[in-house]
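**Q**
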Amino acid sequence: MAGGATPKTEEKELYYSDDPEIGVPFIRVQNLSTSGELDLSEVKFINIETHNAMLARSHVHEDDLLVKITGVGRMAVSSVPPTGFEGNINQHIVRAKTRSRIKSETLAASLNADIGEALATRRATGGTRPALDYPALRSIPIIYNESILPILEEANSRRKAALEKAQALLASIDDHLLTELGITLPPEPENSIEKRMFRIKARELGGWRFDPHALEPDVEACREKTSAFGNTLPLRRLVNFIRQTSSGRANDNLYVGLENIQGSTGFLVDPESNNEFGTASIFDEGDVLFPKLRPYLNKVYFADTAPPSFMFCALMAFCPSFCRGFCAANSWCARPST
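Residue 268 in this note's numbering sits at position 278 of the sequence shown; the count goes up by one each step and never skips.
1. In angstroms, rounded to a whole number, what distance separates the CA positions of GLU1 and VAL67?
2. So, LEU139 versus ALA99, is the Cβ gap smaller than 8 Å?
3. Under three-state DSSP, which class holds LEU327?
4. Could you have a look at VAL229 and say whether DSSP puts it in helix, strand or coil?
5. Quick check on HIS85: buried or exposed, where buried means 16 or more other Cβ atoms within 10 Å of its Cβ?
6. The ligand SAM heavy atoms versus the CB of VAL278: any closer than 7 Å?
7. For PHE16, count the other beta carbons within 10 Å of its own beta carbon; 16 or more makes it buried, fewer makes it exposed. Which is it?
8. For ASN230, which residues of its own chain have a beta-carbon under 6 Å away from its beta-carbon, when the five flanking residues on both sides are left out?
9. Assess contact between the segment 138 to 153 and the segment 25 to 44, defined as three or more Cβ pairs (one per stretch) separated by less than 8 Å. Is contact present?
10. Tell me which residues share the same chain as THR222 and place their Cβ nearer than 8 Å to its Cβ, disregarding the 5 neighbours each side in the sequence.
11. Using the Cα positions of SER182 and HIS166, report the straight-line distance between them to the nearest angstrom.
12. Could you have a look at GLY106 and say whether DSSP puts it in helix, strand or coil?
13. Output needed for PHE75: all residues of its chain with C-beta closer than 8 Å, excluding positions within five of it in sequence on either side, in chain order.
14. Measuring alpha carbon to alpha carbon, tell me which residue in PRO202, ARG213, ASP274, GLY220 is nearest ARG233.
15. Does the beta-carbon distance from PRO72 to ILE36 come in below 8 Å?
16. Assuming contact is defined by CB atoms lying nearer than 8 Å, are ASN288 and GLY253 in contact in what I supplied?
17. Specify the secondary structure class of HIS51 as computed by DSSP and reduced to three states.
18. Looking at ILE59 and ALA121, is the spacing between their C-beta atoms short of 8 Å?
19. List the whole-angstrom C-beta distance separating ALA114 from MET65, where the pair is believed to meet the contact cut-off of C-beta under 8 Å.
20. Based on Cα-Cα distance, which residue from SER94, LEU175, LEU160, MET(-9) lies nearest to VAL70?
21. Look up ALA156 in the DSSP assignment and say whether it is helix, strand or coil.
22. Is ALA(-8) helix, strand or coil by DSSP?
23. What is the C-beta distance between ALA(-8) and SER48, in whole angstroms, given that I count them as a contact (C-beta under 8 Å)?
24. Measuring only the C-alpha atoms, how far is PRO202 from GLU3?
25. Under the assumption that ILE83 contacts VAL57 (Cβ atoms under 8 Å), give the Cβ distance between them as a whole number of angstroms.
26. On a CA-only basis, which of LEU258, VAL278, LEU171, GLU249 is nearest ARG284? Give me that one, please.
27. Apart from the five residues on each side of it in sequence, which residues of its chain come closer than 7 Å, Cβ to Cβ, to TYR124?
28. Alpha carbon to alpha carbon, what distance is there between SER137 and TYR291?
29. When the Cα atoms are used, what is the spatial distance from ALA304 to PRO131?
30. Could you pull out every residue in the same chain whose Cβ sits closer than 7 Å to the Cβ of LYS87, ignoring the five residues on either side in sequence?
31. Comparing C-alpha positions only, which one of ARG148, LEU168, GLY77, ARG149 sits nearest to ALA(-5)?
32. Any idea what DSSP makes of SER271, helix, strand or coil?
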């Protein structure tokens, strides 16, 4: 068995890579799944130097067994990398070498079962941040039965088909609503250089924005339609922007980075807390977080009082209704003024 580590995010340029062509997949807890398969849809990447030096002991290859050992939420979630995979892991995951892929998949199926999770949770220590040490992980009783694999594969196939059907229905909601309301959208404009170019007078730039996006005709039309409602107010009159910051460790509090917020839905997508950070803003229950950078991603989070079982919103063991934590310094923290 071997555990990984998390390079410092404040020195991102030294350890991480933005290029999936040359970067090495860096597996975190949210990439594991109870289906036993790795979810690589939002995987991060480290550079090859970090992979071969700082994280040399935690290389991950096909047929390895990856098990979650720390963090809130479901314990001992396990996955097996796909064929031909090479990557690395952070400190919340342990990599186990087995004799074959079948053994890894069978072990993952046992640990991902409800009884496997219950046996793992019983052996975990810690209140606000449960953890499995290596002796505790090795002591988990395993129901080893390779005949479960075809059944699990069929169940996963049915699940994927159901999800695809649900996604198709979700995608059709807009068309259905527009039809019911009798609304016909105008045709999409031609995506050409000529259509993307526009002119504006120099006097319209004074005291305002100089970048093209803010002055696009579509944006201007949206601004005019919003103003037409008559009861709009600037955001600064409705909220107070909180600028209380901290640096170092989150300890028992939650750390929310941009990668932890799902675009358009506002859901938290990372069940683990990040203990270390550079500089972060402090938020409380009832605050609203939204990014200073790349606002077009529509990542907005409302710090509500979700129960401890919801993803990773439980922060303090003895006061579960109180939500307090840290957010990335490149996010705004807005607190309603009334």
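Just so you know, even glycine gets a beta-carbon here, dropped at the ideal spot from N, CA and C.
**A** Considering the structure as presented:
1. As a working note, residue 1 is residue 11 in the sequence shown. As a working note, residue 67 is residue 77 in the sequence shown. Roughly 29 Å separates the two Cα atoms.
2. The residue you call residue 139 lines up with position 149 of the sequence shown. The residue you call residue 99 lines up with position 109 of the sequence shown. Yes, these two residues count as a Cβ contact at 8 Å.
3. In the sequence shown, counting from the first residue as 1, residue 327 sits at position 337. Checking the displayed sequence, the identity of residue 327 turns out to be Ser instead of Leu. Three-state result, SER327: coil.
4. Walking along the sequence shown from the start, residue 229 turns up at place 239. Residue state, collapsed to three classes: strand.
5. On the sequence shown, residue 85 is found 95 positions in, with the first residue counted as 1. Here residue 85 turns out to be Arg, not His, going by the sequence shown. Per the 10 Å Cβ criterion, buried.
6. Looking at this structure, you won't find the ligand SAM or any other ligand, since it has none at all.
7. Your numbering for residue 16 matches position 26 in the sequence shown. Classification of PHE16: buried, given that the 10 Å Cβ count is 16 or more.
8. Reading the sequence shown from its first residue, position 240 is the one you call residue 230. Listed in chain order, the non-local C-beta contacts of ASN230 below 6 Å within the same chain comprise ARG325, SER327, local neighbours out to five positions each way being set aside.
9. yes
10. Looking up residue 222 in the sequence shown gives position 232. Cβ within range, chain order: THR216.
11. As a first step, residue 182 must be located in the sequence shown, where it is residue number 192. As a first step, residue 166 must be located in the sequence shown, where it is residue number 176. Straight-line Cα distance between these residues: approximately 30 Å.
12. Sequence index remark: in the sequence shown, residue 106 carries index 116 (1-based). Residue state, collapsed to three classes: helix.
13. The residue you call residue 75 lines up with position 85 of the sequence shown. So the list reads PRO15, LEU28, VAL50, HIS51, GLU52, once near-sequence residues are dropped.
14. Position 243 of the sequence shown holds residue 233. Of all alpha-carbon atoms in PRO202, ARG213, ASP274, GLY220, the one lying nearest the alpha-carbon of ARG233 is that of ASP274.
15. Translated into positions along the sequence shown, residue 72 becomes position 82. Translated into positions along the sequence shown, residue 36 becomes position 46. Result no, Cβ atoms of PRO72 and ILE36 do not sit closer than 8 Å.
16. Looking up residue 288 in the sequence shown gives position 298. Looking up residue 253 in the sequence shown gives position 263. Closer than 8 Å, so yes.
17. Against the sequence shown, residue 51 aligns to sequence position 61. Here HIS51 sits in strand by DSSP.
18. Taking the first residue of the sequence shown as position 1, residue 121 is located at position 131. Taking the first residue of the sequence shown as position 1, residue 59 is located at position 69. Remark: C-beta atoms of ALA121 and ILE59 approach each other more closely than 8 Å.
19. Stepping through the sequence shown from its first residue, residue 114 is reached at position 124. Stepping through the sequence shown from its first residue, residue 65 is reached at position 75. The Cβ separation is near 5 Å, so the contact holds.
20. Counted from its first residue, the sequence shown places residue 70 at position 80. That would be SER94, whose Cα lies nearest to the Cα of VAL70.
21. The residue labelled residue 156 in the question sits at position 166 within the sequence shown. Secondary structure at ALA156: helix, using DSSP grouped into helix, strand and coil.
22. Counted from its first residue, the sequence shown places residue -8 at position 2. The answer is strand: DSSP assigns ALA(-8) an E or B state.
23. Taking the sequence shown and counting its residues from 1, the one referred to as residue -8 is at position 2. Taking the sequence shown and counting its residues from 1, the one referred to as residue 48 is at position 58. Confirmed, Cβ separation roughly 5 Å.
24. To locate residue 202, count along the sequence shown from 1; it is residue 212. To locate residue 3, count along the sequence shown from 1; it is residue 13. Their Cα atoms are separated by approximately 29 Å.
25. Here residue 83 refers to the residue found at position 93 when the sequence shown is read from its first residue. Here residue 57 refers to the residue found at position 67 when the sequence shown is read from its first residue. Between VAL57 and ILE83 the Cβ distance is about 7 Å, and since that is below 8 Å, they are a contact.
26. Numbered from its first residue, the sequence shown carries residue 284 at position 294. Looking at the Cα atoms, GLU249 is the closest of the given residues.
27. Counting from 1 along the sequence shown, the entry for residue 124 is found at position 134. MET(-9), listed in sequence order.
28. Position 301 of the sequence shown holds residue 291. Position 147 of the sequence shown holds residue 137. About 43 Å.
29. The residue you call residue 304 lines up with position 314 of the sequence shown. The residue you call residue 131 lines up with position 141 of the sequence shown. Unreliable positioning characterises ALA304 in this predicted model, as indicated by a pLDDT of 27, which lies under 50. A coordinate reading is not provided.
30. Position 97 of the sequence shown holds residue 87. ASP54, listed in sequence order.
31. Sequence index remark: in the sequence shown, residue -5 carries index 5 (1-based). The shortest C-alpha separation from ALA(-5) is found at GLY77.
32. In the sequence shown, the residue the question calls residue 271 occupies position 281. SER271: strand per DSSP, three-state reduction.
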